[in-house]
Amino acid sequence: MEEPILTIVVPCYNEEAVLDETTKRLRTVLLQACRDQLISFRSTILFVDDGSNDRTWEIIDSAAQENQEITGLKLSRNFGHQNALIAGMETARPYSDCVITIDADLQDDVNAIRKFLIKFRNGYDVVYGVRDKRDTDTMFKKNTALLFYKIMERLGVKMVPNHADYRLLSRRVLDEFVNYQEENIFLRGMIPLLGFKSTKVYYNRAERFAGESKYPLKKMLNFAIDGITSFSITPIRMVTYLGGTVAGIGFLIGLYAIIQHVLGHVVTGWTSMIISLWTIGGMQLIAIGVIGEYIGKIFKETKHRPRYIVEKRLLSNESFVTKAL
Ligand code: UDP
Ligand code: MG
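Given below as structure tokens:
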């Protein structure tokens with residue numbers, strides 16, 4: 190039987206500091222897996238340059254010239270981590286039996302790839318890489334992440350806790366995935382929706398090999414809000430309940446005010462008035478904001494803009510295959 194073709198998709202945004210080491214380690218793992226007949230010798234590593242403004246593309250370009258198993262894709266500008274992943278997955282789909290996505294910064298243990306492949310060979314279509322311990326992350330990042338998983342769970346979004354975007358997908362899953370044409374992408378929420386037989390592989394998350402995180406606090410917060418609002422309409426439902434509750438309280442206060450009026454105590458109540466003015470005003474603003482989030486999403490979705498634009502594509506696997514023949 191012919192071994193399956195694997196493509197490792199690596200999104201890169203200003204990763205010049207780590208790329209040489211990443212290439213080295215991924216090649217080692219890939220070649221070993223080939224020798225062990227876990228995967229075909231036609232397997233490749235696909236680097237996706239997400240509009241970097243450092244030397245990232247030059248490094249990918251020269252690595253591709255030196256090594257047959259390395260290919261590259263250059264996006265026309267920075268489209269964001271999730272879009273870069275999709276660009277890689279969609280590019281790899283026609284010529285791959287399975288795809289593994291992994292960050293460029295070597296935080297995800299490359300040795301888990303072997304375990305992913307063994308699971309795949311045993312019939313799993315989705316393999317999630319799950320961080321065992323997060324002791325290399327700061328307390329802050331760990332706790333905010335945990336809170337995020339809790340909130341998502343409460344809102345009814347199925348997600349694998351402590352799993353980021355390190356995973357294996359089979360060709361079958363990718364074929365279904367391309368039918369999800371939404372603009373607001375949150376892969377961690379989307380993949381479990383696809384179904385198929387899935388499993389987890391645990392690994393220890395290391396520190397970034399070099400360079401800085403491309404996810405500062407603001408981006409993290411935006412990512413979390415996007416994740417929630419793309420997958421759950423519970424916040425809007427909560428606004429409805431909130432409105433109902435406030436209206437109920439308002440009705441009671443109205444009764445109270447009428448009684449006070451009848452009894453002739455009209456000047457009292459300044460305090461309650463000021464309090465309700467601000468509370469209700471604040472709640473209304475929050476409510477409008479939440480609804481606005483969803484309208485914003487609808488606005489984006491209706492435009493059907495492309496999720497990424499490819500500027501350049503290096504030697505593809507198809508030509509690699511013919512060259513190898
Ligand atoms: N990344 C990307 N586009 C972006 C931001 C990040 O392709 O706009 C890539 C980045 O190069 C890395 C991965 O996404 O390979 C994860 O980013 P990072 O390691 O900075 O995130 P963190 O691990 O700090 O959450
Ligand atoms: Mg990282």
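According to the working numbering, the sequence shown is numbered sequentially starting from 190. Virtual Cβ for every residue (Gly too), placed ideally from N, Cα, C.
Residue i, DSSP secondary structure in three states
i, result
"lysine 263", "strand"
"phenylalanine 236", "strand"
"glycine 384", "coil"
"alanine 353", "strand"
"leucine 344", "coil"
"glycine 318", "strand"
"proline 283", "helix"
"leucine 358", "strand"
"leucine 227", "coil"
"valine 479", "helix"
"isoleucine 289", "strand"
"arginine 214", "helix"
"isoleucine 197", "strand"
"tyrosine 391", "strand"
"valine 451", "helix"
"lysine 403", "coil"
"glutamate 500", "strand"
"tyrosine 445", "helix"
"valine 299", "coil"
"valine 515", "Outside the shown range of the chain, which is 190 to 514, sits residue 515, and nothing can be said about it."
"phenylalanine 420", "helix"
"threonine 327", "coil"
"valine 456", "coil"
"serine 241", "coil"
Residue i beta carbon near the ligand MG (any heavy atom closer than 6 Å)
i, result
"glutamine 271", "no"
"aspartate 294", "yes"
Cβ-heavy atom distance, residue i to the ligand COA, below 6 Å
i, result
"arginine 397", "Of the ligands this structure carries, namely the ligand UDP and the ligand MG, none is the ligand COA."
Own chain, CB closer than 6 Å to residue i, minus 5 neighbours either side, in chain order
i, result
"arginine 377", "Met348"
"glutamate 372", "Lys489, Glu490"
"threonine 511", "Reliability fails at threonine 511, whose pLDDT of 44 lies under 50, so the model's placement of it is uncertain and no value is given."
"cysteine 223", "Phe230"
"tyrosine 202", "Asp239, Ser241, Lys403"
Heavy atom of the ligand UDP within 6 Å of residue i beta-carbon
i, result
"proline 200", "yes"
"serine 387", "no"
"aspartate 209", "no"
"asparagine 267", "yes"
"tyrosine 404", "yes"
"aspartate 250", "no"
"glutamate 372", "no"
"glutamate 279", "no"
"glutamate 204", "yes"
"aspartate 239", "yes"
Same chain, Cβ closer than 8 Å to residue i, five either side skipped, listed in chain order
i, result
"glycine 309", "First, the residue type needs correcting, since residue 309 is phenylalanine and not glycine in the sequence shown. Cβ within range, chain order: Pro193, Cys287, Val316, Leu357, Ser359."
"arginine 397", "Val207, Asp294, Leu295, Gln296"
Proximal residues to residue i (C-beta, below 7 Å), its chain only, five neighbours per side dropped
i, result
"threonine 217", "none"
"leucine 514", "Confidence at leucine 514 is low in this model, with a pLDDT of 40, below 50, so the placement of that residue is unreliable and no value is reported for it."
"threonine 327", "none"
"phenylalanine 337", "Ala413"
7 Å Cβ cutoff, residue i in contact with chain D
i, result
"arginine 343", "The chain inventory of the structure shown lacks chain D, comprising one protein chain alone."
For this session: Mind the definition here: the region 440-451 touches the region 410-418 only if three or more C-beta pairs lie below 8 Å; say whether that holds.
Result: no
For this session: Check whether the region 424-436 touches the region 468-477, counting contact only when three or more Cβ pairs, one atom from each stretch, lie closer than 8 Å.
Result: yes
Problem set entry | Touch test, the region 245-259 against the region 487-507, Cβ-Cβ under 8 Å, three pairs minimum | yes
Exercise. Is it true that the region 392-404 meets the region 366-381, where meeting means three or more beta-carbon pairs spaced less than 8 Å apart?
Worked result: no
Exercise. Are the region 218-234 and the region 251-270 in contact at 8 Å, needing three or more beta carbon pairs?
Worked result: yes
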